[in-house]
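Counting in this note's numbering, the sequence shown runs from 4 upward without gaps.
Glycine included, C-beta positions come from ideal geometry on N, C-alpha and C.
Below: one structure, written as C-alpha cells.
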Amino acid sequence: MRKVNIRKIEQKDKKFIYEIFKMSEDKVEKASYQMLGLELLNEDDIFSRMVQSDARILELDEKKPFAIIESAPYESDALEIRMVVLKSNQDDEFVPKQATEKLIIEVLKQYGTKRVIMEISLKSDLIINSLIKSGFRAIFVINDTITLEFDYNHFNNFE
Numbered sequence: 004m005r006k007v008n009i010r011k012i013e014q015k016d017k018k019f020i021y022e023i024f025k026m027s028e029d030k031v032e033k034a035s036y037q038m039l040g041l042e043l044l045n046e047d048d049i050f051s052r053m054v055q056s057d058a059r060i061l062e063l064d065e066k067k068p069f070a071i072i073e074s075a076p077y078e079s080d081a082l083e084i085r086m087v088v089l090k091s092n093q094d095d096e097f098v099p100k101q102a103t104e105k106l107i108i109e110v111l112k113q114y115g116t117k118r119v120i121m122e123i124s125l126k127s128d129l130i131i132n133s134l135i136k137s138g139f140r141a142i143f144v145i146n147d148t149i150t151l152e153f154d155y156n157h158f159n160n161f162e
C-alpha cells in the first residue's frame, strides 16, 4: 500500500517550489498557478509566501512530491485551502483520496475550524472527485477553478 506523507516546507524546498511555479504547463496547470497569484513573484517571494501561509508538501512513500497545499483563515469559522497538484501519469485514485482525508483531519485539528473552503483547478479531476466523495460540495466555479466547501461533521468518525 502506498503511503502519503504531509510535511511543512523547508529551506531545501525553495528551488523545487520555484521550479514548479514557473509558468510551466508540463509541471502544473496554468489555472492553478494563476489561482495562487504567483505569476509575478520571484523565487524568494514565492518561498516566503509558502512559509507564511504554512504551506505543506504532499509526498508519496518514495519521497516524491505530488502536491503543494496552502492554507489561510477564511471568515471566522473556516479555513481556506488552495491545492496545486503536480501533473503525473498516475491513475491511482487512492493516493489523492488518502492525502486529502489525511490533510483535512490534520488541518481541522490544528486550526479547530468547522468548515474548509478549497480552491482547485478544474483539471485536477481525481482530487475533485475524491473530495466530492469525501463530503465536499461545490459552491461555485470561476474561470478554470472550482471552489468546494467541507462540513466538519462528515469527518467526526476519523478523530
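Cβ-Cβ distances below 7 angstroms link Asp16 to Ile60 in the same chain, with the five nearest sequence neighbours on each side left out; the list follows chain order. Here Glu152 carries a strand assignment [DSSP, helix/strand/coil]. DSSP places Glu46 in no beta strand (DSSP E) but in the uninterrupted alpha helix (DSSP H) bounded by 46-55. By the criterion of a C-beta distance shorter than 6 angstroms, Tyr21 is surrounded in its chain by Glu46, Ile49, once the five residues flanking it on both sides are discounted. Taking the C-beta atoms as reference points, Ile142 is found nearer than 8 angstroms to Glu152. When secondary structure is reduced to three states using DSSP, Ile12 falls in the coil class, being assigned neither helix nor strand. The three-state secondary structure of Leu125, taken from DSSP, is coil. In the structure shown, Ser133 falls within a helical segment according to DSSP collapsed to helix, strand and coil. Taking Met86 as the centre and dropping the five residues before and after it, the same chain places the C-beta of Ala70, Ile72, Met121, Ile123, Ile130 closer than 7 angstroms to its C-beta, in chain order.
A residue is called buried when at least 16 other Cβ atoms come within 10 angstroms of its Cβ; Ala58 meets this threshold and is buried. Under DSSP, Ser79 takes part in no beta bridge, so it has no partner. For Ala75, the closest alpha carbon among the candidates Glu62, Gln113, Ile149 is that of Gln113. Ala58: not part of any beta strand (DSSP E); DSSP gives it neither H nor E. Comparing C-alpha distances from Arg118 to each of Ala81, Leu63, Ile149 shows the shortest one belongs to Ala81. As DSSP reads the structure, Phe143 sits in a beta bridge with Thr150. Considering only Ile12, Ser137, Glu78, the residue with the shortest C-alpha distance to Ser51 is Ile12.
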